[in-house]
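As they're listed, the protein sequences go chains A, B, C and D.
Counted from 1, the first sequence has number 73 at position 73 by the numbering used here; the numbering is strictly sequential.
Counted from 1, the second sequence has number 22 at position 22 by the numbering used here; the numbering is strictly sequential.
Counted from 1, the third sequence has number 98 at position 98 by the numbering used here; the numbering is strictly sequential.
Counted from 1, the fourth sequence has number 46 at position 46 by the numbering used here; the numbering is strictly sequential.
Read through the structure below, which is laid out as structure tokens, and then see the notes.
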Amino acid sequence: MTYETTRANEGCVLQIRGELDAVSVPEIRGTLDRLAADGIKRVIVDLGDLRLIDSSGVGALVSLYKRVGALGGRVSVRGLRDQPLAIFRLLKLDRVLAPEDAVAAA
Amino acid sequence: MTYETTRANEGCVLQIRGELDAVSVPEIRGTLDRLAADGIKRVIVDLGDLRLIDSSGVGALVSLYKRVGALGGRVSVRGLRDQPLAIFRLLKLDRVLAPEDAVAAA
Amino acid sequence: MGQVIKLEVVGELEHRDIALRTVSAACRLAYARQAHIPEARETLAYVMSAVGEAFNNIAVHGYRGGPAGMVEICIAVGPSRLAVELRDYGLSFDPRSVPMPDELPESGMGVFIISSMMDEVEYRPGHPNVLRLVKRLGVAGGSSHLGSGLEAKGERTEGEGDDLRNDSSK
Amino acid sequence: MGQVIKLEVVGELEHRDIALRTVSAACRLAYARQAHIPEARETLAYVMSAVGEAFNNIAVHGYRGGPAGMVEICIAVGPSRLAVELRDYGLSFDPRSVPMPDELPESGMGVFIISSMMDEVEYRPGHPNVLRLVKRLGVAGGSSHLGSGLEAKGERTEGEGDDLRNDSSK
Ligand SMILES: Nc1ncnc2c1ncn2[C@@H]1O[C@H](COP(=O)(O)OP(=O)(O)O)[C@@H](O)[C@H]1O
Ligand SMILES: Nc1ncnc2c1ncn2[C@@H]1O[C@H](COP(=O)(O)OP(=O)(O)O)[C@@H](O)[C@H]1O
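Take a look at the structure:
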């Protein structure tokens, strides 16, 4: 797993590549905590190059979504495909976390 | 393994991607035989996207080299890297089949 | 049932990647024999998801509070089905007692993902505990949820948790 | 020697990919523990090359003229070395009798590649035949051929074929 954050104005794009799973979540946790604490208005999580996610990875992103939302901001996920898309669909999280993508696919 | 040939004038570029090994050599053998029989003057084998080669793959390329040479043409390999480069260097085939690359690296 | 592939690794998270890559290569082998089937990507996604959660649970829950034991993974590649069996020597559990995930879940998704992504799921507690996962390959055989993009069979409102039958007869 | 990973597959070429992907994931695990070592890519290239040739030879030569039996692969990941043992139940051979490859070889490269790419190679004919391959990890421990790009230890003129000791004592 590798990741990269790009800040612009009041928003931030977080790109996560490779595998976001029980092994790699701890490596990104500090970055997620900082984003969540920042009171940032808009977080876009780009998963276009994510190969694999597991329930730990989903949990970490849902937690980010809730915490940013609690401070008045918004998190959305884009680029979902293959295995990560299958998991998000199963849990009906695509509608909540990736509404733009969900509309585009409909 | 996937492959693709592009012909231009008297030459041909053969791009081989993925794995060229005992399992996949039979799939490309027909194409190699046709190139070898054609009396083609210049064959460039692009291995820039080759992830893995084994002795069967090397043998198939050496055979192409010899057969094209016997009809007055020339085969050269370009883009060697990682595991395929290690194998070519070990067998000292980089100097023979990839002289341009070998010079560039020196 | 065709050919069997066996893998043994220590039940620690750092071995998750080895387990998944072996299963993934086996899954691709299953489809290399019937390369015309367009569902290969979807099936791979489902099987990786389920086996990944199962492995995590053994490492995190099964071997909690002690040194990790082994996980044995048997993969049987048949012409129409892929069966993956995971055996561990850790704590047992009752899958029927696991509740459905929340609407915005931060955990508690693993068992649900396993049940929903596979066609057959069976858990036999014991020494070893055996979790048997079966995925039908291709279109025939009632896998009607395949072939329509990446929609998984499970819907949260249907309670597939019940697929995980707790059959203690060995 | 740290943790052991075991894989069992049928000794047919179509299982080559599963064997190599498992070994590759194990090799990456070895380096995840010492990610500062820059030789990871080279080591991976050497180990993949050697194990691939060994697997091919078992499938093509060891199990020739009969139904293929199993190949058992044990991978031991230690802090300073990676050991891969391949066991097969097919025909035995004498590695010392294998000549060096030609200058422009179309075959006969496998045993040479195995000997040259690994730090220790040992073959014990028997039932099973056991081929033990060891690669030292990192810079320490005399792997002086590492760290200088992708140059392999072997030079065709040095006759590393002898590394393959035919030790029939079990
Ligand atoms: N292999 C296992 N061994 C022991 N207990 C398990 C195992 N798998 C699951 N469990 C139990 O079932 C519960 C639900 O598991 P799961 O749905 O994967 O969510 P989570 O792992 O996030 O709790 C776990 O919290 C654990 O108590
Ligand atoms: N695992 C094996 N079992 C039986 N014979 C083998 C085995 N490996 C190698 N050999 C013998 O050694 C010879 C040389 O092998 P190798 O150097 O790999 O080249 P090639 O496979 O192209 O002949 C083979 O032709 C075969 O006779």
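Glycine is no exception: its CB is placed at the ideal position from the N, C-alpha and C atoms.
Kindly indicate which residue of the options has the alpha-carbon position closest to the one of residue i.
i       : options                          : result
G138(D) : Y123(D), V9(D), A30(D)           : A30(D)
M117(C) : L7(C), R132(C), S49(C), R81(C)   : S49(C)
D49(A)  : R89(A), D94(A), K92(A), D82(A)   : D82(A)
P79(C)  : L91(C), G62(C), K135(C), Y123(C) : K135(C)
K92(B)  : L91(D), F112(D), G90(D), R64(D)  : F112(D)
L80(A)  : E39(C), D94(C), L13(C), A45(C)   : A45(C)
S63(A)  : E42(C), L104(C), P99(C)          : L104(C)
H127(C) : F93(C), A26(C), V77(C), A32(C)   : F93(C)
A37(B)  : T5(B), V23(B), R51(B), V68(B)    : V68(B)
R81(C)  : E120(C), S97(C), I73(C)          : E120(C)
G39(A)  : N9(A), V23(A), P84(A)            : N9(A)
P125(C) : G62(C), A32(C), E39(C)           : G62(C)
R7(B)   : R29(B), L35(B), R17(B)           : L35(B)
Under 8 Å between C-beta atoms, does residue i make it to chain B?
i       : result
N129(D) : no
L137(D) : no
S80(D)  : no
S107(D) : yes
D162(D) : Only weak support is given to the placement of D162(D): the predicted model assigns it a pLDDT of 38, under 50, and the value that follows is read from those uncertain coordinates. For D162(D), the answer is no, since every Cβ of chain B falls outside 8 Å of its Cβ.
Taking CB distances under 8 Å as the criterion, tell me whether residue i reaches chain A.
i       : result
A83(C)  : no
G62(C)  : no
G110(C) : yes
G52(C)  : yes
L104(C) : yes
H145(C) : At H145(C) the pLDDT is 36, less than 50, meaning the model places this residue with poor confidence and gives no usable figure here.
I113(C) : yes
If we call anything under 8 Å between Cβ atoms a contact, is residue i one with residue j?
i       : j       : result
V84(D)  : G11(D)  : no
Q15(A)  : D54(A)  : no
D94(B)  : G52(D)  : no
I114(D) : A68(D)  : no
V130(C) : R87(C)  : yes
R78(B)  : A60(B)  : no
V4(D)   : I18(D)  : no
C12(A)  : V58(A)  : no
T5(B)   : T31(B)  : yes
P99(C)  : M109(C) : no
S56(B)  : V25(B)  : yes
R41(D)  : R21(C)  : no
R51(A)  : E27(A)  : no
Looking at chain C, is there any beta carbon in it that lies within less than 8 Å of the beta carbon of residue i?
i       : result
E39(D)  : no
I28(A)  : no
E14(D)  : yes
D49(A)  : no
A70(A)  : no
A106(A) : Low per-residue confidence applies at A106(A): pLDDT is 49, beneath 50, and the placement is therefore not dependable enough to give any value.
Would residue i count as contacting chain D if we go by Cβ distances under 8 Å?
i      : result
V25(B) : no
S76(B) : no
T22(C) : yes
M1(C)  : Note that M1(C) has pLDDT 45, beneath the 50 cutoff, so the model's placement of it is unreliable and the number below is only indicative. Closer than 8 Å: no.
V47(C) : no
V9(C)  : yes
G57(B) : no
P99(B) : no
V45(B) : no
L52(B) : yes
D38(B) : no
V13(B) : no
Quick test of your reading: residue i and residue j, contact by CB under 8 Å. State the CB separation rounded to the nearest angstrom.
i      : j      : result
V23(D) : I75(D) : 6 Å
R64(D) : L91(D) : 7 Å
R28(C) : N56(C) : Not quite, the Cβ-Cβ distance comes to about 22 Å (not below 8 Å), so this is no contact.
K6(C)  : L13(D) : No, K6(C) and L13(D) are not in contact; Cβ-Cβ is about 19 Å, not under 8 Å.
A26(C) : V77(C) : 6 Å
Given that residue i touches chain A, what residues does it touch there, using C-beta distances under 8 Å?
i       : result
S116(C) : L90
Quick one: list the residues of chain C neighbouring residue i, beta-carbon separation under 8 Å, in chain order.
i      : result
I18(D) : I5, T22, A25, A26, L29
Chain D partners of residue i, CB-CB under 8 Å?
i      : result
D33(B) : Under the 8 Å cutoff, chain D gives no residues; its nearest Cβ is about 14 Å from D33(B).
A22(B) : L13, R16, N56, A59, V60
Which residues of chain B have a Cβ atom closer than 8 Å to the Cβ of residue i, listed in chain order?
i      : result
P99(D) : Those within 8 Å of P99(D) in chain B number zero; the least Cβ separation is about 14 Å.
Against residue i, what residues of chain D qualify as contacts under a CB-to-CB distance less than 9 Å, listed in chain order?
i      : result
K41(B) : Residues of chain D passing the Cβ test: none, with the nearest at roughly 20 Å.
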